[in-house]
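In this note's numbering, the protein residues as written are 15 to 395.
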Ligand SMILES: [Zn+2]
């Protein structure tokens, strides 16, 4: 998920806010306002609104602390977190690699709910120190604020402990199965299945509540279930991809015969004589017999059609020194990560300053499909 609003960098990790976060902030503020209006109407609208808004903002700080705890434990185990994004259903810490062993996965997973539980307990402690007693509703704004912060953070800890991958509880479950069986793929499959089951239960329960008269609250539960269902499927696919591409290098999937074209060629001729005729996606632009850059359909599309006869390949190519390159020995997963970061579909493969070919997302996909079909036929590579 790309973050929409950058909040700054904490502990060297970029923190962002997705627009959908405002929806949950609004819903939390509104439900606190109606809660306080029901139990503490004597505070007056000004105090009720202020307490609700401050509580919602502090909840956001608690959520950030939850994600930050994942990121910091990951860092202690040598894993880099690229960014933390907060969105409608919580937060997500984008850790660059999947943990390589079960113990790391376990500790990175469990520290989040643990942090939320500790924050919740501290908030209840502050409410207690301010005069609130268990079993009673809070009387003063300070009691009210910390009581509800305690409540929300404990809910957050509980929700995240649901054993459905990719929730923290699902990661913990996966790490325990992985730890005891030593089989990461099997552990992922089981945790993802559990995640899907939990998600379907959420959807069924939400729809049941909706028709039972719970209104929007029921739909909200069903929506969380739908989100979990998507996330469980996507996480499983991503782990399966990582497993399928383990030990595969760029040299296994790259295209070695990139066509070389002259940089003085104009786009009109290039499209008619090369792009359309060969169906290739990538061309090497040469200058005095040397590789100067790359041209793909993407660069051509950027130029208006009327200007094609007057634009040369030199004008539109991506100069070789401006694109990230990989070597034939680079693991394919790493090449895919680089493509993702740079938002491109292909990378030139260079070895000792010589262009060896090109690797594209399509090549990787083709490779995976072939492998899957062979796997289904019972062959093993
Ligand atoms: Zn978490």
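Ideal placement from N, C-alpha and C gives every residue a C-beta, glycine not left out.
- Residue environment analysis places residue 230 among the exposed positions, since fewer than 16 neighbouring C-beta atoms fall within 10 angstroms of its C-beta.
- In the three-state DSSP reduction, residue 177 falls in the coil class, being neither helix nor strand.
- Non-local C-beta neighbours of residue 123 in its own chain, meaning closer than 7 Å and more than five positions away in sequence, comprise 182, 185, 186 and 189, ordered along the chain.
- In the three-state reduction of the DSSP assignment, residue 188 falls in the helix class, which pools H, G and I.
- For residue 23, the secondary structure class from DSSP, reduced to helix, strand or coil, is strand.
- Any heavy atom of ligand 1 counts here; residues with a Cβ closer than 6 Å to one of them, in chain order, are 80, 84, 126, 174 and 182.
- In the same chain as residue 72, and ignoring 5 residues on each side of it, the C-beta atoms closer than 6 Å to its own belong to 163, in chain order.
- A contact between stretches requires three or more CB pairs, one per stretch, nearer than 8 Å, and the region 339–349 meets this requirement with the region 252–267.
- Taking each of 202, 20, 377 and 69 in turn and checking the Cα distance to residue 134, the smallest one comes out for 69.
- In the DSSP assignment, the residues bridged to residue 109 are 95.
- Beta-bridge partners assigned by DSSP to residue 280: 326.
- Per DSSP, residue 118 is one residue of the alpha helix (DSSP H) stretching across 116–143.
- Taken through DSSP and simplified to helix, strand or coil, residue 318 comes out as coil.
- Inclusion of residue 65 and residue 155 in the CB contact set at 8 Å is warranted, their separation being smaller than that value.
- Shortest Cα-Cα distance from residue 322 to any of 280, 82, 105 and 157 involves 280.
- Spanning the alpha carbons of residue 25 and residue 111 requires a straight line of approximately 19 Å.
- Of the other Cβ atoms in all chains shown, fewer than 16 fall within 10 Å of the Cβ of residue 19; this residue is therefore exposed.
- Under a 10 Å Cβ-count criterion, residue 284 is classified as buried, with 16 or more other Cβ atoms of the shown protein chains found around its own Cβ.
- Measuring C-alpha to C-alpha distances from residue 98 to each of 145, 352 and 32 identifies 32 as the nearest.
- Per the coordinates, the alpha-carbon of residue 147 lies some 12 Å from the alpha-carbon of residue 160.
- The C-beta of residue 304 has fewer than 16 other C-beta atoms within 10 Å across all chains shown, which makes the residue exposed.
- Listed in chain order, the non-local C-beta contacts of residue 237 below 8 Å within the same chain comprise 220, local neighbours out to five positions each way being set aside.
- For residue 219, no beta strand (DSSP E) segment is defined; the enclosing uninterrupted segment is the alpha helix (DSSP H) at 198–223.
- In chain order, 232 place their CB closer than 8 Å to the CB of residue 225, counting only its own chain and leaving out the 5 sequence neighbours on each side.
- Looking at the DSSP output, residue 84 shares a beta bridge with no other residue.
- The beta carbon of residue 223 sits closer than 7 Å to the beta carbons of 231, 232 and 235 from its chain, once the five residues preceding and following it are set aside; these are given in chain order.
- For residue 356, there is no enclosing beta strand (DSSP E); the residue is found in the alpha helix (DSSP H) stretching over 346–356.
- Bridge partners of residue 311 according to DSSP: none are assigned.
- When the beta-carbon positions are compared, residue 213 and residue 171 stay at least 8 Å from each other.
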